[in-house]
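First up is the structure itself, then whatever we jot down about it.
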Amino acid sequence: MQDKARIPENGCSVDRVVGADRPRRRCRPGRAAEEAVGGTCASWPSEAPLPCASLSRQRAREGDLPLLTGHDVVVTGASSGIGRQIVIVLAEAGARVMAVARREAALAELARTVRPPAPPLILVAADVVRPDGISALREAMEAEAFQPDLLVNVAGTFGPIALVGDVEPESWVEAVETNLLSVFRMCAEIVPRMRSQGRGIILNATSAASLDIQAGNSAYGTSKAAVNHFTRQLALELESSGVVADVFHPGDVRTEMFEDIRAAAAVAGDAGAGYRDWVALMDETGGDPLDEAAELVLRVAMSPDPPNGRFLWIDGGITAPRATW
Ligand SMILES: NC(=O)c1ccc[n+]([C@@H]2O[C@H](COP(=O)([O-])OP(=O)(O)OC[C@H]3O[C@@H](n4cnc5c(N)ncnc54)[C@H](OP(=O)(O)O)[C@@H]3O)[C@@H](O)[C@H]2O)c1
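Numbering (numbering that gives the first Met the number 0), first residue to last: 0 to 324.
See the structure below:
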């Protein structure tokens with residue numbers, strides 16, 4: 000992260016962190032990423048490499064590189080899956096993390112998982128679709144003198160798999176509300192704080208599915224396409240403010256959401272065929288590692304010059320990066 004970045008202060012020059020020692024994993028065979036990004040997997044096409052998160056993380060564990068010490072980070076969707084892992088990685092890297100989700104017990108379990116020297120988590124049990132959830136977050140930020148310089152919006156749901164004429168309307172609306180309104184409400188609360196600080200990074204979880212059309216996927220696909228558009232809009236408004244906003248595809252990962260998709264696709268008839276194939280692929284390959292999205296977030300957080308308005312991809316994922324905008 001820009002001004003507060005501690006990397007140079009701890010004897011690790013930016014060149015060293017950003018430079019060529021970053022391990023470049025080859026894409027798995029048979030995928031199109033090599034065409035898309037010129038021979039190696041990259042976080043996003045045609046950009047300078049991000050810092051090497053995994054090497055730096057290792058050094059942080061060894062105690063000589065407190066990467067994100069002094070940084071305040073908010074992560075939604077913290078109670079399970081990808082968001083939970085992002086919380087663990089950022090806290091291990093020294094950030095003070097506010098972990099937000101509705102399930103209190105799962106947050107408490109997460110707090111027990113993250114151990115010193117990681118700073119204690121600040122837990123906020125809140126529904127980030129609702130104004131009262133945002134009020135609870137605001138109160139927690141004020142009580143903790145929290146100055147967020149990284150916001151990772153991960154909260155999401157898959158919703159129904161059904162053709163538009165067959166779908167239960169309230170479940171469609173709920174999915175779009177969860178995925179889009181949560182991002183909007185969080186940004187509306189946090190952007191003014193970041194602007195007044197003159198620095199900040201916002202990373203919104205999207206999906207490669209936002210770039211495709213597939214029968215039965217109108218709720219999730221539409222909601223994530225809207226997150227993309229909202230984020231581009233926000234990025235434009237933030238230009239030259241010191242604050243940036245991007246979306247990221249976190250990989251194809253076997254989480255609670257994956258189990259929801261498996262269950263929904265199984266009973267969706269023809270509309271579920273595409274997702275039944277995807278579930279089979281995930282079972283066959285094991286899916287992408289949970290850690291990759293967290294590594295991507297950490298790399299962006301460590302970057303002295305984070306991108307703005309971009310669609311970011313994990314390294315080496317099952318779904319290859321492709322040109323977006
Ligand atoms: N898994 C994949 O393959 C994949 C692929 C592409 C994109 N993604 C995206 O990555 C993100 C995380 O997915 P995941 O697979 O980790 O899913 P997950 O395990 O089901 O986690 C979803 C998280 O969102 C939280 N959440 C949902 N509604 C919320 C609300 N109204 N307020 C606060 N928190 C809420 C849930 O917590 P509570 O229930 O405790 O509130 C949970 O922590 C999602 O945005 C998803 O669309 C996932």
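The beta carbon of each residue, even a glycine, is placed where N, CA and C say it ideally should be.
Asked	Found
Could you tell me which of L280, E141, V151, T254 sits nearest to G199, measuring between CA atoms?	V151
Nearer than 7 Å: is that true of the beta carbon of I87 relative to any heavy atom of ligand 1?	no
When the Cα atoms are used, what is the spatial distance from A293 to P303?	18 Å
Which residues bound the beta strand (DSSP E) around A244?	242-248
Count the other CB atoms within 10 Å of the CB of P115; is the residue buried (16 or more) or exposed (fewer)?	exposed
Tell me which same chain residues have a C-beta within less than 7 Å of the C-beta of E103, skipping the five on either side of it?	A124
Would you identify the three-state DSSP class for T39, choosing helix, strand or coil?	Summary for T39: the model assigns pLDDT 29, below 50, so the residue's position carries little reliability, and this model does not support an answer.
Would you call the CB atoms of F284 and I317 closer than 8 Å?	Inspection of the sequence shows that residue 284 is occupied by Thr rather than by Phe. Contact: yes.
Could you spell out the range, first to last residue, of the beta strand (DSSP E) harbouring V182?	Counting along the chain, V182 falls outside any beta strand (DSSP E), though it belongs to the alpha helix (DSSP H) covering 181-196.
From the DSSP output, in three-state form, read off G268 for me.	helix
Does at least one heavy atom of ligand 1 sit under 7 Å from the Cβ of I81?	yes
Measuring CB to CB, does V243 end up less than 8 Å from L237?	yes
Which value, in whole angstroms, describes the spacing of the CA atoms of I160 and G76?	21 Å
Return yes when at least one heavy atom of ligand 1 lies under 7 Å from the C-beta of S181, else no.	yes
Relative to the C-alpha of A174, which residue among A208, T221, T254, A142 is closest?	T221
Mind checking which residues open and close the alpha helix (DSSP H) that includes W171?	168-175
Rounded to whole angstroms, what's the CA-CA distance from V88 to A142? Just pull it up for me.	24 Å
Would you call the stretch 271-290 and the stretch 175-185 touching, i.e. three or more CB-CB distances under 8 Å?	no
If you check the beta carbons only, do A154 and T177 fall under 8 Å apart?	yes
Which of the three DSSP states is assigned to T284 in this structure?	helix
With a threshold of 7 Å (Cβ to nearest heavy atom), would S78 be considered close to ligand 1?	yes
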